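Report on the following structure.
This is the structure in structure tokens:
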């Protein structure tokens, strides 16, 4: 085989530097394949020597577009919605400029060869039963294929979902279409293509359930007169030709064997391999006794007497494809023809016309009987109206993106206005080729059942290949949005309980109607303009408890008992409701994984552990600290933990849950009523100046423990209590000083240093704080002889600071001076934040400079002069780095020793060895590598140049808190905080 080297000596005319670099990288990608596929070389050379990549055309005369990285990020909404993950990358949902859906396949790792193969094969193939390539992107560290969107999933998912009946004629059609595509690849192309991984998971089904082959990443292009040998194992267990593993010989008969395994799966509805049992081998062995020997293995749904002749014909053909002699296996042209004969025979035997039960083409096929029944017998026109597609376009201004209010796996939601209605409506456009059954279930359920705590269905539209549902618009968004969204508003504890009670009433109503919801989660609890909770999306609901092989629901909310048995009950909903309760209390996600390959930890297990240890405050949303009644909290946690019991029999009914929640609400209302709504005239103690002179011995310098450019800190005692006295006379104006007192005296949190009092006499402004004996964090990290902190201690400190900052942000306050010197440690190393600053706009110009020293400056603040919550996040990121590296931010003279330099180098290197070499020497080799990388990445996110790209403090706290939680699960040694190998194995 000749080695083809392509040299780019000069920049092509008309290309900018970026395009030139991208073209060079493309040349490198294609060169990899040229080395292996000599037969394609001339065509590839012709292809890659074109100067303008965006005008690249394939032989089939359909245009393949060249996208930029920016194009890909826009169409995929920054890779937001994942459709699935494979060996070489992940597939995301995307939308082109014209609104059409696409699948964005992002390849990960050293996969240039696989990427180039897919491009070359798609360039050669133009077949209706092969997924069409729309475009690609080749840039530095970015290899992306943009494919047509085949949203009905793959054959594997459909075939093994017992809730979806698949008639024999549909199965035959799928088999024929796959066989025709393979026959084309094997015999009708200029160069022969061997797919190499034929299996149900790689057979996609479009909106009309037509089959399309996908995933050519391990395919081979060969000359028809040559035999290809390879040492690389390709294919999937159960579908791989056993002869290939013996001699490494790859021919088209490899695909024939795999297709035979697919035929077996189509007629038996059993996976090729289940729990180490190879059903394909079992089928072949049974077939040695004759075609009647496999009858008991056939799918009972199609193994009827009038189907048996066709089924036996398919079984016999499958057996021939699975022969252990390659030469005796039929070619795919023969296989396709024999299947077509069997299909024709099937129609003649049945005596009826072929009907696609899954091909609900809205213009020509009537709706299922269930919907017809709804329209004819149940729905008066004033309850559920059928809209025209023109009305939907008018209501959404032709589906204007500015009116888009949300999207998910099943569709997009627009806010619209319908003629004759004074209020807005929510128009949900569902992806027609993925959720047909769910669409009709939603209409049937929502049109029959009306309740104050269910979102009302106004109508629907089935027209112009569209499936649209129209609901009342919920003006206050979702519970998820308020607790996890970027535009969240702090909800009081009373509001949260009331929302939970409302959702509980809606769920209890469904149970009274013998409906199991199966889709309860924060996103499906919407809030109207009066903050009344309403449940939405009944598309997964069921009216029975029959066993299903496909579990419905969302990860983190699914009942574990349901996962095991496949049989949902009302107690499955109770479990999900318990998760929602814990999420409402903590504002934490229901499930979290510290490391990419590690088993996640549930919010329920964390809550149970905190309750057992008497640390319930650890799970409470910092925004609620100081305002939540202890009795109400305990009752709420008790209810939630009952709901998430592992066994359904131990869980309460929804009626009992609502009753207990109402008691929790009563406790909180009683506590709120007992407190005066008017603050006392003095928010904290006011000291006389003479008292300050006395306790400091007239401000004796021997009592001075810290002195800055503008403030001085003294240590003394008042009434036997150790205090810290801070002289801020030259920091604040009188007005600002009083504002600071009013704010600080209201704040009560375990991780904030309490303000005891103040003095504003004799032109002096003094603040009196509780004394914290352990010194500040910076003293424990560098510059003193204080004992170093181990990794667990440092994690606990970081979590504490994060919780304190979250508490401040929940009150719409920023700290303004987050740094290690303002983090104090008590005798038990509990972190307490001190020196809360007012926003810069309330400070004197001179005072504002106090908070712009020591390198703790948000670069965005330097440009805008506006200090935001994200400014605190930035400074906290620097704190995290100081904790990790054990050195100050910028005080080292040598550039390579500065924190900022280490950050930049760390991001560039992204190697554990580099990070381990630069951590605090006391920690070196003592931090689990995955923890080290996770911790560093969290810090790096905080230090994004623009605030919009930084996480919220709540998200940072969530990362650190779950990491700390896993450290306390007994997987960690007490002296180092390093996860043991056994624990890592357990976590996977």
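Numbering (full-length UniProt numbering), first residue to last: 1 to 988. Every residue gets a Cβ at the ideal spot worked out from N, C-alpha and C, and that includes glycine. These figures come from a predicted structure and were not determined experimentally.
In terms of Cβ geometry, residue 658 and residue 505 form a close pair [threshold 8 angstroms]. Per DSSP, residue 201 lies in no alpha helix (DSSP H) segment and is marked neither H nor E. Rounded to whole angstroms, the separation of the alpha carbons of residue 619 and residue 318 is 57 angstroms. Contact holds between the segment 800–820 and the segment 614–628, because three or more Cβ pairs, one in each stretch, are under 8 angstroms apart. Spanning the alpha carbons of residue 298 and residue 310 requires a straight line of approximately 12 angstroms. Looking at 607, 955 and 788, the one whose alpha-carbon comes closest to that of residue 924 is 788. Residue 335 and residue 179 have their C-alpha atoms some 7 angstroms from each other.
Here residue 195 is buried: its Cβ has 16 or more other Cβ atoms, across all protein chains shown, within 10 Å. If you look at residue 472, you'll find it isn't in any alpha helix (DSSP H); it sits in the beta strand (DSSP E) that goes 466–472.
Across the structure, residue 417 and residue 102 are spaced so that their CA atoms are roughly 29 angstroms apart. Cβ-Cβ separation between residue 138 and residue 94: approximately 17 angstroms, too far for a contact (criterion under 8 angstroms). Residue environment analysis places residue 288 among the exposed positions, since fewer than 16 neighbouring C-beta atoms fall within 10 angstroms of its C-beta.
With 16 or more other Cβ atoms from the protein chains shown falling within 10 Å of its own Cβ, residue 537 counts as buried. Under the 8 angstroms Cβ criterion, the segment 869–879 counts as touching the segment 815–829, having at least three qualifying pairs. Judged by DSSP secondary structure, residue 799 falls within the alpha helix (DSSP H) whose first and last residues are 791–810. Remark: C-beta atoms of residue 831 and residue 797 approach each other more closely than 8 angstroms. For residue 463, the enclosing beta strand (DSSP E) covers residues 457–463. If you check the CB distance, residue 516 and residue 572 come in under 8 angstroms. Contact between the segment 516–527 and the segment 566–581 is present, with at least three C-beta pairs closer than 8 angstroms. For residue 705, the closest alpha carbon among the candidates 713, 640 and 327 is that of 713. CA-to-CA, the gap between residue 428 and residue 82 works out to about 20 angstroms.
In this chain, the beta strand (DSSP E) harbouring residue 144 covers 142–148. Between the alpha carbons of residue 639 and residue 540 lies a distance of about 26 angstroms. Annotated as distal: residue 757 and residue 643, with beta-carbon spacing of 8 angstroms or more.
Where residue 823 is concerned, the enclosing beta strand (DSSP E) starts and stops at 823–825. As the crow flies, the alpha-carbon of residue 921 is around 10 angstroms from that of residue 887. For residue 666, the closest C-alpha among the options 456, 577 and 497 is that of 497. At the C-beta level, residue 173 and residue 148 stay beyond 8 angstroms of one another. Straight-line spacing of the CA atoms in residue 219 and residue 197 works out to 8 angstroms. Around the beta carbon of residue 328, fewer than 16 other beta carbons sit within 10 angstroms, so the residue counts as exposed. Under a 10 Å Cβ-count criterion, residue 324 is classified as exposed, with fewer than 16 other Cβ atoms of the shown protein chains found around its own Cβ. Excluding five sequence positions before and after residue 557, the CB atoms of its chain that fall closer than 7 angstroms to its own CB belong to 520, 521, 576, 579 and 590, given in chain order.
Nearest C-alpha to residue 753 among 835, 203 and 811: 835.
In chain order, 773 and 774 place their CB closer than 7 angstroms to the CB of residue 827, counting only its own chain and leaving out the 5 sequence neighbours on each side. Remark: C-beta atoms of residue 200 and residue 262 approach each other more closely than 8 angstroms. About 6 angstroms separates the Cβ atoms of residue 635 and residue 660, confirming a contact at the 8 angstroms cut-off.
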